[in-house]
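The structure under discussion appears below in the form of structure tokens.
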């Protein structure tokens, strides 16, 4: 055995073969012996070579499908002996409602919100087990619960942060809910207080909390289809004022940022759509970054229509409105990482209005040089037309005069 490359014998008598190939095929026996001899060889054992599972068809990394539709995800593996293919949703407990067809493909019929997540395909035989994973995104649903909610206790305050869940295919907003833990509440149920989170933020500072009192915090996500489930409840206690006889250090200089909402938002109907006009915020301590336009239709949830309006613009054209509908519009201003409160809301009813093109764009004006050239060309053309008309009138008048004069002159008589 020592003469075979990669073969070795352990002290307990086991044979170790580093690389399996056709050389290892065959029947083996083991014969123990010592100084007194041997009692004989063991029963023969046969060594066979088998192939571990290998995927011939892997699922894609991600799948996106509408809720209620059918989705099929393939997963095919080969091996010797042929492997068994199973599917499992990562982190799921109990049945998921999915099926596996005869080709080992995962079938969702129909696709439901609870089947959103990571799915793992595993191929197993007597030799080994291999796995591959894919993500299923279910569109057209309410948001999923946020995860990793954490609370940082501060002085009479708490900073709440989280990681958003899947938005269901629509823009989602967040709100933070909190309530104090009272040992002997006056009522059987205590009230929760909710605070709206600015657009795009994943944290919120909750202020004016009582010292030495525990609070419960939870985060709720919402989109146009409704609310998702509340996140896990996290309990925390804000810090109180420290008791010390040492004179406090002078407070650090902090810059207070002021950003008031856009002002005087108005809406006017034009031939191209609804023209929204506004005035910049009255107070802002840092330079404006831009504006975001929000709308909602028929009292539904607010949605962001355009989040990239330049700070230099004070008007925007909104085409693409549906006839016989009721719309509400409002603006928020951005200054760095700060977001203002919403502006006043304007109402627009499209009853009797035309259906405008669906592309939203800002109204553009011609540059002054081009505008001057256009006006000059129009003026030149107008003058040319006037001169041409006057010249034609003068020529016609002279021609009529010559004809009349010829008629009045006596005929000329020539004698031989």
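Residue numbers (the UniProt record's numbering): 1 to 416. Ideal placement from N, C-alpha and C gives every residue a C-beta, glycine not left out. All figures in this text were calculated on a predicted structure; none of them were measured in a lab.
Q: For the beta strand (DSSP E) holding residue 162, just list the boundary residues, first then last.
A: 157–163
Q. Grouping DSSP H, G and I as helix and E and B as strand, with all else coil, what is residue 99?
A. strand
Q: Pull up the distance between the alpha-carbon of residue 51 and that of residue 117, whole angstroms please.
A: 32 Å
Q.
Check for me: the beta strand (DSSP E) holding residue 124 runs from which residue to which?
A. 117–124
Q: Quick one: give me the first and last residue of the beta strand (DSSP E) that residue 80 is part of.
A: 76–80
Q: Could you check the C-alpha separation between residue 279 and residue 347 for me, to the nearest Å?
A: Straight across, the Cα-Cα distance linking residue 279 with residue 347 is about 18 Å.
Q. So does the region 153–162 actually touch the region 229–237, counting three or more Cβ pairs closer than 8 Å?
A. A contact exists between the region 153–162 and the region 229–237.
Q | Environment of residue 273 [buried if 16+ CB atoms lie within 10 Å] | A | buried
Q. How about residue 63 and residue 137: do their beta carbons lie closer than 8 Å?
A. yes
Q) Where does residue 216 fall in DSSP's three states? A) strand
Q) Tell me, which residues are paired with residue 230 by DSSP? A) Residue 230 is not bridged to any residue.
(Q) Using the Cβ count rule (16 or more neighbours within 10 Å means buried), how would you classify residue 382? (A) exposed
Q. Going by beta carbon distance, what residues of the same chain come within less than 7 Å of residue 105, once the five residues before and after it are set aside?
A. 72, 73, 74 and 75
Q. Apart from the five residues just before and just after residue 342, which ones in its own chain have a Cβ nearer than 8 Å to its Cβ?
A. 261, 294, 330, 331 and 332
Q) Just how far apart, CA to CA, sit residue 268 and residue 276? A) 7 Å
(Q) With H, G and I counted as helix, E and B as strand and the rest as coil, what does DSSP make of residue 390? (A) helix
Q. Quick one, are the C-beta atoms of residue 209 and residue 158 less than 8 Å apart?
A. yes
Q) Just checking my contact of residue 324 with residue 351 at CB under 8 Å: how many whole Å lie between their CB atoms? A) Right, the Cβ-Cβ distance comes to about 5 Å (below 8 Å), so this counts as a contact.
Q. Looking at C-beta atoms only, is the number of pairs between the region 110–124 and the region 192–201 that lie closer than 8 Å three or more?
A. no
Q) In angstroms, rounded to a whole number, what distance separates the CA positions of residue 290 and residue 327? A) 23 Å
Q.
Please classify residue 155 as buried or exposed, where buried requires at least 16 other C-beta atoms within 10 Å of its C-beta.
A. exposed
(Q) Under 8 Å, with one C-beta from each stretch per pair, do the region 95–103 and the region 169–177 reach the 3-pair mark? (A) No contact exists between the region 95–103 and the region 169–177.
Q | Three-way DSSP call (helix, strand, coil) for residue 10 in this model | A | coil
Q) Enumerated in chain order, which unbroken segments of the alpha helix (DSSP H) with a length of 4 residues or greater are wholly contained in the UniProt domain "Fibronectin type-III" (261–353)? A) none
Q.
Helix, strand or coil for residue 131? Go by DSSP, reduced to three states.
A. Three-state DSSP puts residue 131 in a strand.
Q. With a CB to CB cut of under 8 Å and the five nearest residues on each side skipped, what residues in its chain are close to residue 10?
A. Excluding residues within five positions, the ones whose Cβ falls inside 8 Å are 16.
Q.
On the criterion of 16 or more Cβ atoms from any shown chain inside 10 Å, does residue 30 qualify as buried, or is it exposed?
A. exposed
Q. Looking only at DSSP bridge pairs, what is residue 42 linked to?
A. According to DSSP, residue 42 bridges with nothing at all.
**Q.** Buried versus exposed call for residue 103 [16 or more other C-beta atoms within 10 Å across all chains shown]
**A.** exposed
**Q.** 8 Å Cβ cutoff met for residue 207 and residue 139
**A.** Taking 8 Å as the Cβ cut-off, residue 207 and residue 139 do not qualify as a contacting pair.
(Q) Let me confirm a value: residue 339 is counted as buried when at least 16 other C-beta atoms fall within 10 Å, else exposed. Which label applies? (A) buried
(Q) Can you look up residue 403 in the DSSP assignment and give me helix, strand or coil? (A) helix
Q. Sorted by chain position, which residues of the same chain lie with C-beta nearer than 7 Å to residue 20's C-beta, five sequence neighbours on each side aside?
A. 49
Q | Contacting residues, own chain, Cβ-Cβ under 8 Å from residue 401 (five flanking each side not counted) | A | none
Q. Going by alpha carbons, who is nearest to residue 176 out of 205, 191, 148 and 394?
A. 205
Q) Can you list, in chain order, the residues of its chain whose CB lies under 8 Å from that of residue 404, leaving out five sequence neighbours each side? A) none
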